[in-house]
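Participant: In the working numbering, the protein residues as written are 2 to 219. Quick reminder that beta carbons are idealized off the backbone N, C-alpha and C, glycines included. Quick caveat, the model's predicted, so the values are computed rather than measured. Handing you this structure, nothing more for now.
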């Protein structure tokens with residue numbers, strides 16, 4: 002729907018820099034991160050990049066220490082939760098909408114994610130017994146259905162849930178497919194070091210009713 006809110010998005014990069022004095026242009030973004038620390042440029046929470054220095058000193062420093070205040074913290078807020086609103090009129094070709102935290106996008110591009118969900122949709126039908134969509138089907142139609150199912154077997158997923166399918170491929174994916182040793186290693190890292198290798202991943206997939214979009218009710 003919209004471009005990611007990080008330093009790869011030039012419009013977003015210019016927005017953040019323009020909101021602060023010119024003498025901060027070299028410190029607002031460092032090492033492709035906000036204040037050299039945070040990758041997303043819009044986010045819920047992360048109050049360390051929103052509150053005034055005085056509030057951080059009063060409420061956060063006593064609990065987390067002086068390092069709770071980011072470097073170059075001169076003119077907060079640096080981070081916003083304001084959404085970028087986009088409108089899209091649904092068409093019959095629109096099949097699903099993927100909502101995910103940046104932990105997923107750290108590993109995969111939007112194009113890769115969409116391809117995996119599309120393949121999962123076509124392969125998922127092989128996880129359940131074949132059911133004819135309607136009665137009185139011609140033998141030629143049944144044959145075409147069986148041919149499609151045979152083709153889908155090539156993409157038969159391990160997971161019935163597409164979100165789990167994405168996480169499996171994000172954490173365990175390689176040029177040779179999913180490496181389960183790699184997946185297991187990333188999932189079993191101790192909490193104190195896991196953040197250095199992967200971020201939290203939350204995914205929701207909304208599937209659209211294609212038939213309704215094709216023949217909307219008046």
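Just to confirm my understanding: we take residue 180, look at its own chain, exclude 5 residues before and 5 after, and list those with CB closer than 6 Å. What are they?
Facilitator: Here the set comprises 173.
Participant: Identify every run of the beta strand (DSSP E) within the segment 146-219, keeping only runs that are complete inside it and at least 3 residues long; order them along the chain.
Facilitator: Those beta strand (DSSP E) runs which fall completely within the segment 146-219 and span 3+ residues are 204-208.
Participant: Could you tell me the boundaries of the alpha helix (DSSP H) in which residue 105 lies?
Facilitator: Where residue 105 is concerned, the enclosing alpha helix (DSSP H) stretches over 103-106.
Participant: To the nearest angstrom, how far is it from the Cα of residue 165 to the Cα of residue 189?
Facilitator: Straight-line Cα distance between these residues: approximately 16 Å.
Participant: Just to confirm my understanding: we take residue 37, look at its own chain, exclude 5 residues before and 5 after, and list those with CB closer than 7 Å. What are they?
Facilitator: For residue 37, where only same-chain residues beyond five positions count, the Cβ hits under 7 Å are 31 and 72.
Participant: Candidates 59, 29 and 85: which alpha carbon is nearest residue 78's?
Facilitator: For the residues 59, 29 and 85, the minimum Cα distance to residue 78 belongs to 29.
Participant: Report the rounded CA-to-CA distance for residue 187 versus residue 170, giving the unit in angstroms.
Facilitator: Distance between the alpha carbons of residue 187 and residue 170: 12 Å.
Participant: Could you round the C-beta distance between residue 206 and residue 108 to whole angstroms and report it? I think they count as a contact, below 8 Å.
Facilitator: The pair is not a contact, with the Cβ atoms about 17 Å apart (cut-off 8 Å).
Participant: For residue 163 and residue 95, what's the separation of their Cα atoms in angstroms?
Facilitator: Going by the C-alpha atoms only, they are around 17 Å apart.
Participant: Is residue 93 near residue 124, with beta carbons less than 8 Å apart?
Facilitator: It is not a contact, given that the beta carbons lie outside the stated cut-off.
Participant: How far does the alpha helix (DSSP H) with residue 15 in it extend, from its first residue to its last?
Facilitator: Residue 15 -> alpha helix (DSSP H) spans 11-19.
Participant: Could you tell me the distance, in whole angstroms, from the CA atom of residue 4 to the CA atom of residue 138?
Facilitator: C-alpha separation (whole angstroms): 45 Å.
Participant: Drop a sphere of 10 angstroms on the beta-carbon of residue 75, count the other beta-carbons inside from all chains shown, and report buried for 16 or more, exposed for fewer.
Facilitator: Exposed, because fewer than 16 other Cβ atoms sit within 10 Å of the Cβ of residue 75.
Participant: Within 10 Å of its beta-carbon, does residue 13 have 16 or more other beta-carbons around it, so buried, or fewer, so exposed?
Facilitator: The residue is buried, with at least 16 neighbouring Cβ atoms inside 10 Å.
Participant: Contact defined as beta carbons within less than 8 Å: I believe residue 103 pairs with residue 40. What is the distance between those atoms, to the nearest angstrom?
Facilitator: Between residue 40 and residue 103 the Cβ distance is about 7 Å, and since that is below 8 Å, they are a contact.
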